[in-house]
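Data first, discussion second: the structure below is written as structure tokens.
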Amino acid sequence: MNRSWLRVFVAAFLEVIWVIGLAHAYDIWTWIGTIIALIISNYLMITAGQILPAGTVYAVFVGLGTSGTVISELLFFGEPFKWERIILISLLLIGVIGLKVITGNKHEKGAES
Amino acid sequence: MAWFSLIIAGVFEAFGVAMISRLRRKRNWQTVVLLIFGFGISLALLGYSLRFVAMGTGYAIWTGIGVVGGTFVGMVFYGESRDWRRLAFIALILFSTIGLKLVS
Numbered sequence: 001m002n003r004s005w006l007r008v009f010v011a012a013f014l015e016v017i018w019v020i021g022l023a024h025a026y027d028i029w030t031w032i033g034t035i036i037a038l039i040i041s042n043y044l045m046i047t048a049g050q051i052l053p054a055g056t057v058y059a060v061f062v063g064l065g066t067s068g069t070v071i072s073e074l075l076f077f078g079e080p081f082k083w084e085r086i087i088l089i090s091l092l093l094i095g096v097i098g099l100k101v102i103t104g105n106k107h108e109k110g111a112e113s
Numbered sequence: 114m115a116w117f118s119l120i121i122a123g124v125f126e127a128f129g130v131a132m133i134s135r136l137r138r139k140r141n142w143q144t145v146v147l148l149i150f151g152f153g154i155s156l157a158l159l160g161y162s163l164r165f166v167a168m169g170t171g172y173a174i175w176t177g178i179g180v181v182g183g184t185f186v187g188m189v190f191y192g193e194s195r196d197w198r199r200l201a202f203i204a205l206i207l208f209s210t211i212g213l214k215l216v217s
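Chains as they are written, first to last, in the numbering used here: chain A, 1 to 113; chain B, 114 to 217.
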């Protein structure tokens, strides 16, 4: 495992953490944790995007981030499972990944989440 | 209101990303201020929306609108390709966003 890819995976994990924080933080400490996760996640993504092809990094990152938030809300926050929602989120994800992959790795866009 | 703020959050996200690209070409403090402003507003609106819209749905739409916005800016202002596949993926994202609103 390449160290730069490891950055992408840790960044995606922290992305899920800060999204959970934005949705559920309730006191000063959970907000501080949310902001720290947000900053580290973006730092790791930007630095990984400078080494690896940025379009590919973003596609992997957003795939992991989206599945992570969906799985977390189902597992930990009692969100009911709905097929139509999962299908639509998957279609949306195909759109995002498709755009990022064909827009190509020549642009360094998308280092941010 | 939560859905409206989610869409606007995505637009500000695209704006923030556009400021990152601009910062690469032009290093000045105005761009840094706009960048912080863009991401700040985007996250504040996303945080507000996620209190009402399911987390996975809200996050996916925020990302989707951000990417559509960024692609749109690239096409309109920087003469990037208007390849039919890119337009099809944009349409897919917008279609899924509307669908998610309807099933929520």
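Each residue gets a CB set at the ideal place from its N, CA and C atoms; glycine is no exception.
Exposed or buried, residue 93(A), counting other C-beta atoms within 10 Å across all chains shown (16 or more means buried)?
buried
Tell me which same chain residues have a C-beta within less than 7 Å of the C-beta of residue 16(A), skipping the five on either side of it?
In chain order, 65, 68, 69 and 72 place their CB closer than 7 Å to the CB of residue 16(A), counting only its own chain and leaving out the 5 sequence neighbours on each side.
Report the residues of the segment 144-161 of chain B with a CB closer than 8 Å to any CB of chain A, ordered along the chain.
152, 156, 159 and 160
Counting only beta-carbon atoms, is residue 125(B) nearer than 7 Å to chain A?
no
State the Cα-Cα distance for the pair residue 24(A) and residue 197(B), rounded to the nearest angstrom.
40 Å
Please give me, in chain order, every unbroken run of the alpha helix (DSSP H) with length at least 4 that falls completely inside the segment 144-193 of chain B.
168-190
Compare the Cα-Cα distances from residue 45(A) to each of 5(A), 84(A) and 75(A) and report the closest residue.
5(A)
Can you list, in chain order, the residues of its chain whose CB lies under 8 Å from that of residue 206(B), leaving out five sequence neighbours each side?
So the qualifying residues of the chain are 177, 178, 180 and 181.
How would you list, in chain order, the residues of chain D whose beta-carbon sits under 8 Å from the beta-carbon of residue 11(A)?
In the structure shown, chain D cannot be found, because the protein chains are A and B.
Name, please, each residue of chain A whose Cβ falls closer than 8 Å to the Cβ of residue 209(B).
What residue 209(B) touches in chain A: 88, 89, 91, 92 and 95.
Under 7 Å between the Cβ atoms of residue 148(B) and residue 129(B)?
yes
If you check the beta carbons only, do residue 210(B) and residue 174(B) fall under 7 Å apart?
Residue 210(B) places its beta carbon less than 7 Å from that of residue 174(B).
Does the Cβ of residue 213(B) have 16 or more other Cβ atoms within 10 Å, making it buried, or fewer, making it exposed?
buried
With a cut-off of 8 Å on the beta carbons, I'd call residue 60(A) and residue 101(A) a contact; round off their distance for me.
At roughly 10 Å, the Cβ-Cβ gap does not stay under 8 Å, so residue 60(A) and residue 101(A) are not in contact.
Taking the Cβ atom as the reference point for each residue, do residue 84(A) and residue 216(B) lie within a distance shorter than 7 Å?
yes
Does any residue of chain B bring its CB to less than 7 Å from the CB of residue 30(A)?
no
Quick check: residue 172(B) and residue 96(A), are their CB atoms within less than 7 Å of each other?
no
Got a sec: is the Cβ-Cβ distance from residue 206(B) to anything in chain A below 7 Å?
yes
Going straight from the alpha carbon of residue 193(B) to that of residue 187(B), what length do you get?
Answer to the nearest angstrom: the Cα atoms are 5 Å apart.
Let me make sure I understand the geometry here. Which of 163(B), 153(B) and 131(B) has the alpha-carbon closest to that of residue 115(B)?
163(B)
Could you list which residues in chain B have their beta carbon closer than 8 Å to that of residue 99(A), in chain order?
180, 181, 184, 199, 202, 203 and 206
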